[in-house]
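Numbering (my numbering), first residue to last: 965 to 1342.
Backbone N, C-alpha and C define an ideal beta-carbon position, used for all residues, glycine too.
Treat the numbers as computed from the prediction; the structure is a model and nothing was measured.
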């Protein structure tokens, strides 16, 4: 069998590479060739540029999307229409001069608004560096005032509520700040971060709703306080909502069944008055017992002395209510008459009548043996 295999096998040249290895080398050489071609193309593209790698004039014309119609006063025809551009490729699309721009010979030369400068792309007018600094000062001032109004105990004194989420402030007050005297309403409208309210005679400015939601960062303590206030407001809103809902249902039932409603109301009023009368009755009984014990204690402490009833009453009233005229009146007019009624049937107290300062007065005196203990009054 081995001899047959050797005879059947084709002759193999050991000096040549196997077929699979040939295909691998071909793939490697192909990749290297593509990389070299790409690098060479980049080198050639850079070599075609001007000094310092800046694009040449020809390349500028190729990168510009279009040429602008002239709008300078000396570049308009008799009919007022812009004249064709002179310095651009006429095959490019003609466009109107950008907003706030002054175009001549197909290019954006300058900006009509002194607060704008020509961008590096030479196709739009953007805010100048000084204008950006002024915008930053306005933003910083409005943020400070807004935080003071939202987080301060008394708020900002010159803030006013508006239709936007945040407060607004007088533009005149803003112009009093350093380097902000040139700020006007048109300048503020250039930024989407500001909200201008010019409905009234006085112009107000504040932060826009988008800024309040996405950019404004409040102190941590202030955020916690506002969160607590929001939760409390939501709870009160729900409570008052349920209260209004219940009141509405009761009112509808009252209007639908007026007779039944009146009967129920009368029953509720009667039960309430009955309960109050019972509470007042229990209180009166307790007060009569307390005042009677006080009167007995004073009579027992000095059994040899005759006590004028009116003087004894006033002494107890001032002792119980030294600072309340209403309390003393309650003792004199309501409680004392019940005490007098109980003492009249108590034989331990001698009841007589004496002339005091020319007037007949009831007099009490303790005639029974002194008690060892007495009910305490609280």
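Residue i to residue j span [Cα, whole Å]
i, j, result
"residue 1148", "residue 1204", "45 Å"
"residue 1182", "residue 1146", "29 Å"
"residue 1324", "residue 1296", "19 Å"
"residue 1291", "residue 1111", "53 Å"
"residue 1152", "residue 1103", "10 Å"
"residue 1125", "residue 1228", "48 Å"
"residue 1286", "residue 1184", "52 Å"
"residue 915", "residue 1245", "The shown model of the chain, from 965 to 1342, leaves out residue 915, and the question about it has no answer."
"residue 1129", "residue 1074", "38 Å"
"residue 1242", "residue 1269", "39 Å"
"residue 1212", "residue 1200", "18 Å"
"residue 1359", "residue 1230", "As shown, the chain starts at 965 and ends at 1342. That puts residue 1359 outside it, with no answer to give."
"residue 1326", "residue 1283", "21 Å"
"residue 1127", "residue 1202", "24 Å"
"residue 1322", "residue 1274", "15 Å"
"residue 1239", "residue 1122", "55 Å"
"residue 1178", "residue 1219", "51 Å"
"residue 1293", "residue 1249", "17 Å"
"residue 1150", "residue 1214", "56 Å"
"residue 1247", "residue 1195", "43 Å"
"residue 1206", "residue 1154", "47 Å"
"residue 1197", "residue 1236", "34 Å"
"residue 1289", "residue 1310", "30 Å"
Environment of residue i [buried if 16+ CB atoms lie within 10 Å]
i, result
"residue 1328", "buried"
"residue 1174", "exposed"
"residue 1260", "buried"
"residue 1299", "buried"
"residue 1026", "Per-residue confidence for residue 1026 stands at a pLDDT of 39, beneath the threshold of 50, marking its modelled position as unreliable; no derived number is given."
"residue 1065", "buried"
Whether residue i touches residue j by CB criterion (7 Å)
i, j, result
"residue 1067", "residue 1061", "yes"
"residue 1098", "residue 1141", "no"
"residue 1332", "residue 1318", "no"
"residue 1079", "residue 1055", "no"
"residue 1113", "residue 1131", "yes"
"residue 1035", "residue 1101", "no"
"residue 1303", "residue 1233", "no"
"residue 1188", "residue 1115", "no"
"residue 1330", "residue 1263", "yes"
"residue 1172", "residue 1161", "no"
Identity of the residue in the options nearest residue i by Cα
i, options, result
"residue 1278", "1314, 1255 and 1270", "1255"
"residue 1076", "1063, 1069 and 1083", "1063"
"residue 1071", "1086, 1081, 1078 and 1079", "1086"
"residue 1120", "1137, 1128 and 1127", "1137"
"residue 1108", "1180, 1073 and 1211", "1180"
"residue 1167", "1266, 1289, 1069 and 1139", "1139"
Own chain partners of residue i with C-beta closer than 7 Å, once the 5 adjacent residues on each side are dropped
i, result
"residue 1320", "1272"
"residue 1090", "1080, 1081 and 1083"
"residue 1191", "none"
"residue 1092", "1079, 1080 and 1081"
"residue 1208", "none"
"residue 1176", "1129 and 1130"
Own chain partners of residue i with C-beta closer than 8 Å, once the 5 adjacent residues on each side are dropped
i, result
"residue 1308", "1315"
"residue 1217", "1225"
Beta-carbon contacts of residue i that lie in its chain and below 6 Å, excluding the five residues immediately before and after
i, result
"residue 1118", "none"
"residue 1159", "1128, 1170 and 1172"
"residue 1267", "1330"
"residue 1088", "1062"
"residue 1301", "none"
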